[in-house]
Amino acid sequence: MSPYVFMIISISLFLGTSLTLFSNHWLMAWMGLEINTLAIIPMMTYPNHPRSTEAAIKYFLTQATASMLVMFAVIHNAWMTNQWTLLQMSDSTASVLMTLALAMKLGLAPFHFWVPEVTQGISLQSGMILLTWQKIAPTALLYQISPTLNMKVLITLAFLSTMLGGWGGLNQTHLRKILAYSSIAHMGWMAIIMMINPTLALLNLLIYIIATLTLFLMLNFASVTKIKSLANLWNKSAAMTTAILLTLLSLGGLPPLTGFMPKWLILQELVSSDNIIMATLMALSALLNLFFYMRIIYTSTLTMFPTINNSKIQWPYPQTKTINIIPTLTIISSLLLPLTPLLITLMY
Numbered sequence: 001m002s003p004y005v006f007m008i009i010s011i012s013l014f015l016g017t018s019l020t021l022f023s024n025h026w027l028m029a030w031m032g033l034e035i036n037t038l039a040i041i042p043m044m045t046y047p048n049h050p051r052s053t054e055a056a057i058k059y060f061l062t063q064a065t066a067s068m069l070v071m072f073a074v075i076h077n078a079w080m081t082n083q084w085t086l087l088q089m090s091d092s093t094a095s096v097l098m099t100l101a102l103a104m105k106l107g108l109a110p111f112h113f114w115v116p117e118v119t120q121g122i123s124l125q126s127g128m129i130l131l132t133w134q135k136i137a138p139t140a141l142l143y144q145i146s147p148t149l150n151m152k153v154l155i156t157l158a159f160l161s162t163m164l165g166g167w168g169g170l171n172q173t174h175l176r177k178i179l180a181y182s183s184i185a186h187m188g189w190m191a192i193i194m195m196i197n198p199t200l201a202l203l204n205l206l207i208y209i210i211a212t213l214t215l216f217l218m219l220n221f222a223s224v225t226k227i228k229s230l231a232n233l234w235n236k237s238a239a240m241t242t243a244i245l246l247t248l249l250s251l252g253g254l255p256p257l258t259g260f261m262p263k264w265l266i267l268q269e270l271v272s273s274d275n276i277i278m279a280t281l282m283a284l285s286a287l288l289n290l291f292f293y294m295r296i297i298y299t300s301t302l303t304m305f306p307t308i309n310n311s312k313i314q315w316p317y318p319q320t321k322t323i324n325i326i327p328t329l330t331i332i333s334s335l336l337l338p339l340t341p342l343l344i345t346l347m348y
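Following this note's numbering, the numbering of the sequence shown begins with 1 at its first residue and continues without gaps.
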């Protein structure tokens, strides 16, 4: 891709998200979502391949449907309340429609079917943007309308997402599909707490984005897309193998790593709100995610390449891909649990 084209696309992505984040009017927020959608599609179709083209079309159709629902909810709310501002989503029907539309944009179950298929069909770099940056704008809108959300709808979406996100990833061998199902499950954790404590939902999103970004950068550095390819990663970089292990365990929410923090705080909030059954079910669903992360860890760190033939061992050629940011991101995504009291103080 031409550097100029890439620069224009990157600026458009940033502009679209910024427009949604800083707007107070529904029309401007909707425009930001549209700019975001249209900016990432050329990035998804590069390099040109039937699979990437198919993925881009699936993504466009899903996002266009969600945008239509967003606009319908906005117009219905304006018709009923005569208000176009984000904080005035007081009509219950409009609120439910908006929640479902944003759930479709985020890939929450039962609107999650596009996420694994689209992520699998595109490159690692595009998949990284799709599963991290593209979650920010819809989450910002959910955060702003959180006081008017319907708790029953949120609980249903969240529970289905965590269960189907964990269940769907169990039998996968492609890393991009596994990370897509991981994204669905993490969005479920974010949705369950959005009405009770929106700030905690943002903390969960931030930690998820950092951990997923770290993992995608390492997989891109090693040019790995399947689980079985990880068995030879120790020969390229033992440090990278260890970093992948830590990041995956953190994504799974295993203490004493950073990923345990949002899950622990969310479960604590649910129990405080007398949602003990939901807290139990969410904690059990986290085990499904942890299982398929453990499969990747087992392949990458506890198995050797299945041959003693030296010709199979790859020669460590000098790497041209930059890894400057990976060590910093690995530390942030795995070692921030001791800062939990500070974050709790800042949140409350």
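The beta-carbon is built from N, C-alpha and C at its ideal position, and this holds for glycine as well.
Using CA coordinates, which residue listed in Met195, Phe216 and Thr345 is at the minimum distance from Thr148? Met195
Would the stretch 295-305 count as touching the stretch 181-190 if we require 3 or more Cβ pairs under 8 Å? no
When DSSP labels each residue in this structure, what does Thr53 get in the three-state scheme? helix
To the nearest angstrom, report how far apart Leu102 and Phe113 are at their CA atoms. 15 Å
Note down, in chain order, each residue of its chain lying with its Cβ closer than 7 Å to the Cβ of Leu342, except the 5 sequence neighbours on either side. none
Residue from Lys177, Ser95 and Gln83 with nearest C-alpha to Gly127: Lys177
Taking the alpha-carbon positions, what's the Lys263 to Ala239 distance? 27 Å
Are the beta-carbon atoms of Thr212 and Leu131 separated by less than 8 Å? yes
How about Met44 and Ala56: do their beta carbons lie closer than 8 Å? yes
Let me know if Met261 comes out buried or exposed under the rule of 16 or more other beta-carbons within 10 Å of its beta-carbon. buried
Just to confirm, are Ala158 and Ala191 a CB contact at a threshold of 8 Å? yes
Report the rounded CA-to-CA distance for Thr301 versus Ala29, giving the unit in angstroms. 45 Å
Check whether the Cβ atoms of Tyr59 and Val118 sit closer than 8 Å, and answer yes or no. yes
Residue ranges of each beta strand (DSSP E) within the stretch 138-214, 3 or longer: none
Rounded to a whole number of angstroms, what is the C-alpha to C-alpha distance between Ala283 and Ala180? 20 Å
Rounded separation between Val153 and Leu287 - CA only: 24 Å
So Leu100 and His76 are in contact, right, with Cβ under 8 Å, and what is the actual spacing, rounded? Actually they are not in contact, since the Cβ atoms of Leu100 and His76 sit about 13 Å apart, beyond 8 Å.
Ile35 and Leu19 closer than 8 Å at C-beta: yes
Excluding the 5 residues preceding and the 5 following Met151 in the sequence, name in chain order all residues of the same chain whose CB lies nearer than 6 Å to its CB. Met195
Would you grab the beta carbon distance between Leu249 and Leu257 for me? Rounded to a whole angstrom, and I think it's under 8 Å. 6 Å
Would you mind giving the Cβ-Cβ distance between Leu270 and Ala279, rounded to the nearest angstrom? I have them listed as a contact below 8 Å. 4 Å
Measuring straight from C-alpha to C-alpha, what distance separates Ser156 and Gly121? A small fix is needed here, since residue 156 is Thr in this sequence, not Ser. Rounded to whole angstroms, Thr156 to Gly121 spans 29 Å at the Cα level.
What's the gap between the Cα of Leu205 and the Cα of Leu339? 17 Å
Use the C-beta contact count for Trp79: other C-beta atoms within 10 angstroms, 16 or more gives buried, fewer gives exposed. exposed
What does the alpha-carbon distance come out to for the pair Ser92 and Gln144? 15 Å
In chain order, which alpha helix (DSSP H) runs of at least 4 residues are fully inside the stretch 67-130? 92-106 and 114-121
Using only CA atoms, which one of Leu106, Ile207 and Gln125 lies nearest to Ser161? Leu106
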